[in-house]
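The block underneath contains the structure these notes are about, expressed in structure tokens.
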Amino acid sequence: MMSRNLCLSGMMGAGKTTVATALGARLGRRVADTDEELRRWTGRSIPELFEQHGEAGFRDLERQVIEELATFHDLVIALGGGAVLRDDNVASLLLTGVIIHLDAPAEVLVDRLTGDTDRPLLAGGVLTDRVTETLAARHERYLEVADVTVDAAQGPAEIVEEVLAWAMTTGDVLTPSEHEQAMT
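Converting from the sequence shown to our numbering requires adding 6 to each position, the first position being numbered 1.
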């Protein structure tokens with residue numbers, strides 16, 4: 007029996023990759039990270055892709071990765087922070103998955119992102135301002151497309167428990183054996 011992909015959305019610093027890894031381990035699912043897939047496909051870092059293609063070109067490459075990942079089942083997918091801004095990405099993801107928004111306030115994101123140099127959208131300017139502006143621009147969209155929103159200010163283990171509790175009460179998200187694993 008197939009289950010739906012668990013697609014984690016949210017701002018950079020919300021913990022999508024960390025939570026995806028923990029969820030994948032807990033459920034025995036493969037984990038895919040759209041940024042990691044882009045690095046693998048292109049042989050370039052995210053900053054290099056932004057520099058080479060601009061944000062619009064980067065989003066087009068990201069779109070190809072999402073379209074490919076959405077053809078699979080039983081994945082945990084960590085999405086890039088801007089992935090759900092595009093309607094075509096959301097439509098593809100919802101064909102085989104659910105979108106779980108990891109919601110963290112700006113202060114938490116700034117704490118987690120301080121010293122991170124691999125985020126082109128945060129380059130230049132004051133980190134607090136960049137995070138606050140980006141979050142303000144995206145927050146409504148994150149909430150609008152999510153099947154469920156989880157407080158990402160808590161630790162990864164607590165986030166995983168909250169996601170699993172929601173998934174167990176929602177029809178076709180988990181397989182019967184994953185239900186058993188989630189209860190242990």
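Heads up, the beta-carbon is just placed ideally off N, CA and C, and yes, glycines get one too.
In chain order, what residues of the same chain have a beta carbon less than 7 Å from the beta carbon of residue i, not counting five sequence neighbours either side?
{"i": "VAL25", "result": "LEU14, LEU108, PRO162, ILE165 and VAL166"}
{"i": "VAL104", "result": "ARG10, LEU12, CYS13, ASP153 and VAL179"}
{"i": "GLN187", "result": "ARG32, LEU33 and GLY34"}
{"i": "ARG147", "result": "VAL90 and LEU91"}
What does a CB cutoff of less than 6 Å around residue i pick up in its chain, not counting 5 residues either side in sequence?
{"i": "ALA28", "result": "PRO162 and VAL166"}
{"i": "GLU168", "result": "VAL156"}
{"i": "ALA84", "result": "LEU14, LYS22, THR23, ALA26 and ASP39"}
{"i": "VAL82", "result": "LEU12, ALA26, LEU29, GLY30, ARG35 and VAL37"}
{"i": "VAL151", "result": "VAL90, VAL96 and ILE105"}
According to DSSP, which residues form a beta bridge with residue i?
{"i": "ASP39", "result": "ALA84"}
{"i": "GLY30", "result": "The partner list for GLY30 (beta bridge, DSSP) is empty, contrary to what the question assumes."}
Residues in the same chain with beta-carbon distance under 8 Å from residue i, minus the five sequence neighbours each way, listed in chain order, please.
{"i": "SER98", "result": "ILE72, GLU73 and ALA76"}
{"i": "ARG69", "result": "ARG92, ASP94 and ASN95"}
{"i": "GLY49", "result": "none"}
Which residue comes first and which comes last in the alpha helix (DSSP H) that contains residue i?
{"i": "ASP153", "result": "ASP153 -> no alpha helix (DSSP H), and no H or E assigned at all."}
{"i": "LEU12", "result": "Counting along the chain, LEU12 falls outside any alpha helix (DSSP H), though it belongs to the beta strand (DSSP E) covering 11-15."}
{"i": "VAL71", "result": "52-75"}
{"i": "MET118", "result": "Before going further, note that residue 118 is Arg rather than Met in the sequence given. Unbroken alpha helix (DSSP H) run through ARG118: 112-119."}
{"i": "LEU170", "result": "162-174"}
{"i": "MET189", "result": "182-189"}
Below 8 Å on the Cβ atoms is my contact criterion, and I expect residue i with residue j to pass it. Report the Cβ-Cβ distance as a whole number of Å.
{"i": "ALA171", "j": "GLY16", "result": "Not quite, the Cβ-Cβ distance comes to about 18 Å (not below 8 Å), so this is no contact."}
{"i": "VAL137", "j": "LEU119", "result": "7 Å"}
{"i": "THR40", "j": "PHE78", "result": "That belief does not hold up - the Cβ atoms of THR40 and PHE78 are roughly 13 Å apart, past 8 Å."}
{"i": "VAL100", "j": "VAL116", "result": "Contrary to the premise, residue 100 reads as Leu rather than Val in this sequence. So it is not a contact: roughly 31 Å between Cβ atoms."}
{"i": "ILE52", "j": "ARG45", "result": "7 Å"}
Over the uninterrupted beta strand (DSSP E) stretch that includes residue i, give me the two end residues.
{"i": "VAL104", "result": "103-109"}
message: With three or more beta-carbon pairs closer than 8 Å as the criterion, would you say the stretch 88-98 touches the stretch 63-80?
response: With the cut-off at 8 Å, the stretch 88-98 and the stretch 63-80 touch.
field: the stretch 134-146 in contact with the stretch 108-118 per 3-pair CB rule at 8 Å
entry: yes
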